[in-house]
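Please read the structure below before turning to the comments.
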Amino acid sequence: MSTTLSSTKSMAAWLGDEAEYLLDYKAKVSQNLLTLPGGDIVERVYSKSDRRPQVLRSLQQLFGTGRLANTGYLSILPVDQGIEHSGAASFAPNPIYFDPDNILRLAVEGGCNGVATTLGVLGMMSRKYAHRIPFIVKLNHNELLTYPNGYDEIMFASVEQAWNLGAVAVGATIYFGSPESPRQIQEISKAFARAHELGMATILWCYLRNSVFKQDKDYHLAADLTGQANHMGVTLEADIIKQKLPETNGGFPAIAKATGEKYGKTNSRVYDELSSDHPVDLTRYQVLNCYAGRAGLINSGGASGDNDFVQAIRTAVINKRAGGCGLISGRKTFQRSMAEGIELFHLIQDVYLSDEVTIA
7 MSTTLSSTKS MAAWLGDEAE YLLDYKAKVS QNLLTLPGGD IVERVYSKSD RRPQVLRSLQ
67 QLFGTGRLAN TGYLSILPVD QGIEHSGAAS FAPNPIYFDP DNILRLAVEG GCNGVATTLG
127 VLGMMSRKYA HRIPFIVKLN HNELLTYPNG YDEIMFASVE QAWNLGAVAV GATIYFGSPE
187 SPRQIQEISK AFARAHELGM ATILWCYLRN SVFKQDKDYH LAADLTGQAN HMGVTLEADI
247 IKQKLPETNG GFPAIAKATG EKYGKTNSRV YDELSSDHPV DLTRYQVLNC YAGRAGLINS
307 GGASGDNDFV QAIRTAVINK RAGGCGLISG RKTFQRSMAE GIELFHLIQD VYLSDEVTIA
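Numbered per our numbering, the sequence shown spans residues 7 to 366.
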């Protein structure tokens with residue numbers, strides 16, 4: 007079933023009391039400082055870089071697939087939670103997704119630009135789907151079977167395996183701020199360089215992970231800390247950055263105050279001139295750290311809950327207005343019926359196709 011925003015209710019109706027707050031806000035950092043998404047993004051931006059022609063072709067395939075084809079925006083299905091969280095935690099709400107075929111069906115019928123999942127899922131379905139939708143092989147994962155449970159992204163796949171099964175891109179996670187991050191940075195730097203050599207694009211999940219980031223607020227979601235993670239990610243030549251939507255700011259000074267120790271470096275302008283507590287400003291600061299939008303920012307759809315449709319639309323509106331290039335939506339889509347998951351993808355995509363939602 008395909009449902010569009012225009013055929014159900016207006017954007018303002020979906021956003022309710024937040025409609026004016028989100029749709030009419032003017033960001034502190036001017037959009038004139040950014041490189042914005044558009045149908046010519048590969049030619050206008052990536053072709054000026056050191057990326058090989060084969061990488062440009064892979065990026066064009068990614069940006070040129072699905073309902074958002076040739077708009078400069080991305081709608082991606084990520085399903086690595088079977089490893090990251092366990093198959094039970096991920097697929098018990100809808101057991102059809104234990105079967106890789108249904109994961110790929112959801113991405114295709116949902117109109118996605120691509121599907122990011124494990125080597126095993128994509129390898130099992132390669133010859134059926136590799137020519138129908140761009141594959142993104144997630145190279146590393148955190149697993150929760152080892153006792154005691156820990157948090158460390160380790161390599162599950164090689165770049166060569168991704169290339170052999172027909173992937174157009176590889177993805178990886180770095181837990182910036184964790185004790186393991188130096189090793190992860192070196193591993194992923196080498197993997198991304200090899201992926202570019204073979205003609206594949208690169209997507210980096212730039213997550214924060216350290217118990218010290220949890221203080222009076224969860225500073226894993228702070229714009230200043232996630233922004234710096236993004237900036238490190240593009241330094242590794244990630245073509246696209248995946249980041250959680252920011253919910254607060256002031257992570258650097260908060261950690262220093264809580265620990266009584268000097269932590270990192272920042273500048274007061276980040277908190278008054280370059281941002282505010284408005285979600286569009288917080289997310290724009292993330293975009294600013296992605297080489298001012300030259301590397302696209304996709305935000306996470308988050309966990310499944312009671313108001314998934316409204317929350318997904320809200321996140322898409324914030325990302326688009328901030329200058330981001332799309333949404334990556336997993337549990338909100340695959341932890342429900344196939345029909346509802348497809349509908350949710352189409353609603354998210356309609357935000358990026360809607361003239362109601364402009365760049366702030």
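All C-beta atoms in this analysis are idealised placements derived from N, C-alpha and C, irrespective of residue type, glycine included.
Computed from a predicted structure; not experimentally measured.
Taking one C-beta from the region 215–231 and one from the region 254–271 each time, how about it: are there three or more such pairs within less than 8 Å? yes
Hey, would you say residue 191 sits closer than 8 Å to residue 246, going by beta carbons? no
Work out the CA separation of residue 137 and residue 252 for me, nearest whole Å. 35 Å
Burial state of residue 306 (16 or more Cβ within 10 Å): Counting every other CB atom within 10 Å of its CB across the protein chains shown gives residue 306 a total of 16 or more, marking it as buried.
List the residues that DSSP assigns as beta-bridge partners of residue 254. 228
Considering just the uninterrupted stretch of the alpha helix (DSSP H) at residue 69, what are its terminal residues? It spans 59–69 - the alpha helix (DSSP H) in which residue 69 sits, taken as one unbroken run.
Assumed close pair residue 71, residue 139 - CB separation to whole angstroms, cut-off 8 Å: Confirmed, about 6 Å.
Do residue 286 and residue 79 have their CB atoms nearer than 8 Å? no
Would a C-beta distance cut-off of 8 Å place residue 198 and residue 244 closer than the cut-off? yes
Select from 353, 332, 109 and 38 the residue whose C-alpha is nearest the C-alpha of residue 69. 332
CB-CB under 7 Å to residue 256, same chain, minus the five flanking residues each way: which ones, in chain order? Closer than 7 Å at the Cβ level, and outside the excluded window around residue 256, lie 228, 230 and 277.
Helix, strand or coil: which one does DSSP assign to residue 77? Judged by DSSP in its simplified three-state form, residue 77 adopts coil rather than helix or strand.
Which residues does DSSP pair with residue 144 in a beta bridge? According to DSSP, which records beta bridges pairwise, residue 144 is partnered with 177.
Measuring alpha carbon to alpha carbon, tell me which residue in 341, 309 and 357 is nearest residue 16. 357
Use the C-beta contact count for residue 160: other C-beta atoms within 10 angstroms, 16 or more gives buried, fewer gives exposed. exposed
Simplified DSSP state of residue 161, which is helix, strand or coil: It is a strand residue.
If you reduce the DSSP assignment to three classes, tell me which class residue 323 lands in. helix
Own chain partners of residue 37 with C-beta closer than 8 Å, once the 5 adjacent residues on each side are dropped: 329, 365 and 366
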